[in-house]
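Everything below concerns the one structure shown next.
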Amino acid sequence: MTSVNILFQPVDLGVIKLANRIVMAPMTRSFSPGHVPGPDVAAYYRRRAEGDVGLILTEGVSTNTTTATGTPNVPNIVTEEARAGWKTVVDEVKAAGGKIGVQLWHEGPFRNPSKTAHPDIPSWSASGEKTPGKPLWAPMTEAEIETAIVEFVDAAVAAKALGFDCVEFHGAHSYLIDSFFWAATNHRDDRWGGPDWKDRTAFACEIVRRARAAVGPDFPLLIRLSQWKQQDFAAKPAATPDEMLAWLTPLVDAGVDIFHCSQRRFWEPEFDGSDLNFAGWARKLTGKPSISVGSVGLSGEFTAAYAGEESEPTSLDRLVERMEREEFDLIAVGRALLQDPQWAIKVREGRSDALMRFTKDALATLS
Ligand SMILES: Cc1cc2nc3c(=O)[nH]c(=O)nc-3n(C[C@H](O)[C@H](O)[C@H](O)COP(=O)(O)O)c2cc1C
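Following this note's numbering, the numbering of the sequence shown begins with 484 at its first residue and continues without gaps.
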């Protein structure tokens with residue numbers, strides 16, 4: 484069996500030092516009644532820190548109490564109660580020797596107003612579209628864009644004050660920030676949209692630039708990106724490495740430290756003619772550290788898991804191979820760590836017989 488040592492080597496990424504290469508992927512759990520993470524949420528994250536996860540990224544956390552949130556029981560980082568809850572989470576993780584970053588999330592066009600406490604408030608996105616070409620709401624106004632930016636920045640500042648080790652902006656999976664990146668859902672002809680990546684990245688860049696100014700040069704800012712969209716798994720907004728460079732360069736200039744590159748299967752090459760995956764290209768094109776993700780250690784992929792598909796534990800050989808050739812710096816693990824807080828320890832100790840299958844029952848508890 485291939486040695487998994489590479490996964491457990493400490494890493495100094497300049498902006499952050501980690502005990503190993505394993506990241507807990509952000510996973511919405513909907514266990515925060517009143518949008519406040521309670522002691523059970525703190526204990527859940529603490530168990531992953533005790534389980535030798537190098538960096539925990541929290542579930543998506545709402546940046547306001549109205550337009551950002553549509554999923555029930557999702558925590559925010561806006562109210563005093565929620566901030567106090569996060570302080571406990573951070574303290575618990577640190578007491579266990581772990582590191583933790585918060586993922587800042589605005590659901591954008593995936594918020595269904597009728598299922599929220601504010602049904603009269605329309606949802607926000609670049610051009611008011613969830614399905615490309617079929618607007619449900621008006622495009623965001625200039626004032627709304629300004630508000631959304633300020634809310635992301637305020638949330639980042641709050642996260643730093645609470646003791647989080649880093650912040651990740653959720654710029655993937657078709658949510659608010661991604662609605663600006665993707666030309667199919669951004670038809671604006673002002674400074675926030677257009678045929679050039681420079682304009683479609685302007686919203687994310689303004690968030691990152693102002694957050695960077697507010698949190699200072701040493702606080703790590705991550706952004707999560709995906710080519711795939713919830714509306715279209717095969718979407719590829721950056722069809723070539725040159726386009727990907729046009730997408731990522733403004734983000735680097737704005738102050739992004741680490742790219743978290745979401746794929747459903749980490750081993751899939753991003754472009755023809757090279758084996759490099761999405762995170763591999765991000766690292767190669769920008770020189771910045773990157774995080775890969777997608778079906779690590781499990782036979783099925785995560786969107787099928789929502790539909791009830793169960794997954795068997797699988798070999799990590801392909802992962803080890805890519806990490807040994809330094810394709811990317813860190814690997815995020817979702818369901819395997821949701822199912823089993825001890826997953827990393829079992830992998831390190833070679834206890835493959837003890838690795839667990841992923842079942843949808845795991846989604847129903849906060850174990
Ligand atoms: C229950 C669940 C909730 C998720 N919630 C989020 C989220 O809040 N933010 C996010 O960026 N990705 C979210 N994801 C995607 C994961 O971060 C990860 O990219 C995906 O599960 C693939 O990793 P895996 O195959 O190791 O599970 C979620 C996935 C699952 C299974």
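Backbone N, C-alpha and C fix where the C-beta goes; we use that ideal spot for every residue, glycine too.
Asked                                                                                                                         : Found
Beta-ladder partner(s) of G584, from DSSP                                                                                     : L540 and C649
Of the residues G780, I632, G763 and L540, the one placed nearest E697, counting alpha carbons only                           : Just to set this straight, residue 697 is Ala in the shown sequence, not Glu. Of the candidates G780, I632, G763 and L540, the one whose C-alpha sits nearest the C-alpha of A697 is I632.
Sub-8 angstroms separation of H656 and Q714 beta-carbons                                                                      : no
Continuous beta strand (DSSP E) stretch holding S745: start and end                                                           : I741 to S745
Residues near E753 in its chain [Cβ-Cβ closer than 7 angstroms; skip 5 each side]                                             : L759, N760, F761 and W764
Continuous beta strand (DSSP E) stretch holding M623: start and end                                                           : Element bounds for M623: n/a, residue is neither H nor E.
Distance between beta carbons of L587 and P652, contact taken as under 8 angstroms                                            : Correcting the residue type first, residue 652 is Phe in the shown sequence and not Pro. Contact flag correct, Cβ pair sits at about 6 angstroms.
Integer Cβ distance of V506 from A815, believed to fall under 8 angstroms                                                     : 4 angstroms
Close-in-space but distant-in-sequence residues of the same chain around M510 (CB under 7 angstroms, 5 per side omitted)      : E542, G817 and L821
CA-to-CA distance, V776 to A508, given in whole angstroms                                                                     : 8 angstroms
Closer than 7 angstroms: F742 CB and nearest ligand 1 heavy atom                                                              : no
For G534 and G646, the rounded distance between their alpha carbons                                                           : 21 angstroms
Complete runs of the alpha helix (DSSP H) confined to the stretch 487-571 [at least 4 residues]                               : 522-533
Cβ-Cβ distance between A641 and I560 below 8 angstroms                                                                        : yes
Residues of its chain near H601, where Cβ-Cβ distance is below 6 angstroms and the 5 sequence neighbours each way are ignored : T549
Cβ pair count under 8 angstroms reaching 3, the stretch 603-617 against the stretch 563-577                                   : no
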